[in-house]
Amino acid sequence: MKTTIQNIGQFVGQEVWIEGWLWNKRSSGKIQFLQLRDGSGFIQGVVVKAEVTNQVFELCSTLTQESSVRVKGNVRADDRAPSGFELTVTDVQLVSLAKEYPITPKEHGVDFLLDHRHLWIRSPRQRAILKIRSEIIKAMRNFLDENGFVQVDPPILTPSSCEGTTNLFHTKYFDEDAFLTQSGQLYMEAAAMALGRVYSFGPTFRAEKSKTRRHLIEFWMIEPEIAYCTHAENMAIQEAFVQHIVRHILDNCKLELKTIERDLAPLENVIAGPFPRITYDDAVKLLQEKGHDIPWGEDFGAPHETELVQHFERPVFVEKFPSKIKAFYMQPDPERPEVVLGADLLAPEGYGEIIGGSQRIHDPELLEQRFKEHQLDVAYEWYMDLRRYGTVPHSGFGIGLERTIAWICGLDHVRETIPFPRLLNRLYP
RNA sequence: UCCUCGAUAGCUCAGCGGUAGAGCAUCCGGCUGUUAACCGGAGGGUCGUAGGUUCGAACCCUACUCGAGGAGCCA
């Protein structure tokens, strides 16, 4: 009978085969402990010399780290095992004897590990993070699908930038210039006018020379866009969305959270109540009271965000930023036209902005005026069309997948949240 | 782009002007409950590159290359 380590608890008292790899081994003369993994989980195989053939015992003593093996054994519940189960080995088949494995059980530097990322992802910690990544994506899709959103895929090759500010990756589209997308938002606005509630899920590229623990050159974003939706409704959706994700991970990734030693208390608090909201005005006042030298009208830097977040136990919405420091498409507040109906969601524990969202300008004249102010070119004719033909108030947001993962996992760098991170000066492996 | 720090064995690091070191990994030997197992032994180096100072440089100086952390920008 063949099974996976994940399901091995169903076979207590029975003899099963598992197919996997040896990730570490300890031996003691007449007993050997094989640390086995098969992708679905980890289990220890105990090889007792008196209980197997000499051939099997000898084979085990020659096994190297990361050799691939098929192992037969009796499943036992054992309190000494981290997963609760152990395998008393009865037979072993060698699939391939691994050469000297570079990633030893000792500590390694970041550069070395990133050079060996294709092997690093085999380690228990990295496996747990990638598993949580998959579950976060699943939770996001579940929430959106259950709330009437339709997935729409925007293009990756685009004729120009969406927001104008950041540096884009340039490429050629036959004889034309083209750029890798930095956001699918403008296309999602078109899609929302066709399908009501939509979301995109795809990669995003920023050619910024950013070199911090919060930045990747290539990262994934989820960008929901909703027709007939106000700024307030937009924030309510974001709050429910983030709480759904955290709840899903707490319910479904207990073993993985334990593997990465995540403190669960801050996560449990995220789902215990509503997210606080603070206006940009009040945020500036708070920062000034705390001794920060920031005038009204200036955007927050990393130290400002860190300070702000310390005053709240849950993710906090900072809303109504000055329109001058925000994107051209954001709807002005009718009561105070110098600020916009938009909000950033700042994650707790210093993870920074994970969501940026806003109500979009739906008035054609105002949008035309913003185009002129920002000196945007005619490539946006189609975007103006959305206001010419049945324009409606609408809102949306973008959530950065890797920052969300880093926050939920409690990691100190986003590079561990993606299988093969693209970083400044790192395109390998 | 700017600021700070770093580069010595396959890996992680110590050595900071006078014969190149340790732990892990590898190989050999020992051990029936190990959890980064442990104990004994062996092999393993153009000290990032190029100059300079010095009787003598891994060590001091200069430049360059690569990397890390942070800033700006952002998700």
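Just so we're on the same page, the working numbering is the position in the first sequence counted from 1, plus 568. Glycine included, each C-beta is placed from N, C-alpha and C at the ideal position.
Open item on the list: I'd like the list of long-range same chain contacts for Ser891, defined as Cβ closer than 8 Å, with 5 residues on each side in sequence excluded.
Closed with: In the first sequence, the residue the question calls residue 891 occupies position 323. Correct list, in chain order: Met898, Pro900, Pro905, Glu906, Val907, Val908.
Task: Beta bridge counterpart(s) of Tyr767 as assigned by DSSP - done: Counted from its first residue, the first sequence places residue 767 at position 199. Answer is Gln719, Pro792.
Open item on the list: For His1066, count the other beta carbons within 10 Å of its own beta carbon; 16 or more makes it buried, fewer makes it exposed. Which is it?
Closed with: Since the first and last residues shown for the chain are 569 and 997, residue 1066 lies out of range.
TODO: Can you check the stretch 681–763 for any alpha helix (DSSP H) of at least 4 residues that lies completely inside it and give the ranges in chain order?
DONE: 685–688, 692–714, 753–763
TODO: Inspect the beta-carbon positions of Ile839 and Val852 and report whether they are closer than 9 Å.
DONE: Counted from its first residue, the first sequence places residue 839 at position 271. Counted from its first residue, the first sequence places residue 852 at position 284. Contact: no.
- [ ] Starting from Gln811, follow the alpha helix (DSSP H) in both directions and report where the run begins and ends.
- [x] In the first sequence, the residue the question calls residue 811 occupies position 243. Segment 799–820, the alpha helix (DSSP H) holding Gln811.
TODO: Can you give me the start and stop residues for the beta strand (DSSP E) that Leu914 sits inside?
DONE: Translated into the one-based positions of the first sequence, residue 914 becomes position 346. Where Leu914 is concerned, the enclosing beta strand (DSSP E) stretches over 910–915.
Open item on the list: Going by DSSP in three states, Pro844 sits in which element: helix, strand or coil?
Closed with: To locate residue 844, count along the first sequence from 1; it is residue 276. If DSSP states are grouped into helix, strand and coil, Pro844 belongs with coil.
Open item on the list: Looking only at its chain, what residues have a beta carbon closer than 6 Å to the beta carbon of His816, apart from the 5 residues adjacent to it on each side?
Closed with: For the purposes of this step, residue 816 is taken as residue 248 along the first sequence, with counting starting at 1. Taken in chain order, the residues that qualify are Ala707.
TODO: Can you give me the Cβ contacts of Pro670 inside the same chain, cut-off strictly under 6 Å, excluding the 5 residues immediately before and after it?
DONE: By one-based count along the first sequence, residue 670 stands at place 102. His684.
- [ ] From the DSSP output, in three-state form, read off Pro932 for me.
- [x] Your numbering for residue 932 matches position 364 in the first sequence. Three-state DSSP puts Pro932 in a helix.
Task: Inter-residue spacing [alpha-carbon to alpha-carbon] between Gly607 and Pro692 - done: Numbered from 1 along the first sequence, position 39 holds the residue referred to as residue 607. Numbered from 1 along the first sequence, position 124 holds the residue referred to as residue 692. In a straight line, the C-alpha of Gly607 is about 9 Å away from that of Pro692.
Open item on the list: Per the DSSP calculation, Val884 is bridged to which residue(s)?
Closed with: Mapped onto the first sequence, residue 884 falls at position 316. DSSP lists Leu914 as partners of Val884.
Open item on the list: Am I right that Asn642 and Glu714 are in contact with their C-beta atoms under 8 Å? What's the rounded C-beta distance?
Closed with: Residue 642 sits at position 74 when you count from the first residue of the first sequence. Residue 714 sits at position 146 when you count from the first residue of the first sequence. Wrong, their Cβ atoms sit about 43 Å apart, outside the cutoff.
Task: Exposed unless 16 or more other CB atoms sit within 10 angstroms - verdict on His799 - done: Residue numbering aside, residue 799 sits at position 231 when the first sequence is read from its first letter. So His799 counts as buried.
- [ ] My understanding is that Met789 touches Gly968, with C-beta atoms under 8 Å, so please give their C-beta distance in whole angstroms.
- [x] For the purposes of this step, residue 789 is taken as the residue at position 221 of the first sequence. For the purposes of this step, residue 968 is taken as the residue at position 400 of the first sequence. Between Gly968 and Met789 the Cβ distance is about 6 Å, and since that is below 8 Å, they are a contact.
Open item on the list: DSSP has Ala870 in a bridge; who is on the other side?
Closed with: By 1-based counting over the first sequence, the position of residue 870 is 302. None, per the DSSP bridge assignment.
TODO: Could you check how far apart the C-beta atoms of Glu921 and Glu873 are, in whole angstroms? I think they sit under 8 Å.
DONE: Reading the first sequence from its first residue, position 353 is the one you call residue 921. Reading the first sequence from its first residue, position 305 is the one you call residue 873. Contact annotation, Glu921 with Glu873: C-beta distance approximately 7 Å; criterion of less than 8 Å satisfied.
- [ ] For the beta strand (DSSP E) holding Leu590, just list the boundary residues, first then last.
- [x] As a working mapping, residue 590 is identified with position 22 in the first sequence. 583–595 is the span of the beta strand (DSSP E), which, as asked, contains Leu590.
Open item on the list: Excluding the 5 residues flanking His981 on each side, which residues of the same chain have their C-beta closer than 6 Å to its C-beta?
Closed with: In the first sequence, the residue the question calls residue 981 occupies position 413. Correct list, in chain order: Arg781.
- [ ] Report the residue from Phe601, Gln753, Lys779 whose alpha carbon sits nearest the alpha carbon of Val639.
- [x] As a working note, residue 639 is residue 71 in the first sequence. With distances taken between Cα atoms, Val639 lies closest to Phe601.
Open item on the list: In whole angstroms, give me the CA-to-CA distance for Phe742 and Pro722.
Closed with: Taking the first sequence and counting its residues from 1, one reaches residue 742 at position 174. Taking the first sequence and counting its residues from 1, one reaches residue 722 at position 154. Answer to the nearest angstrom: the Cα atoms are 20 Å apart.
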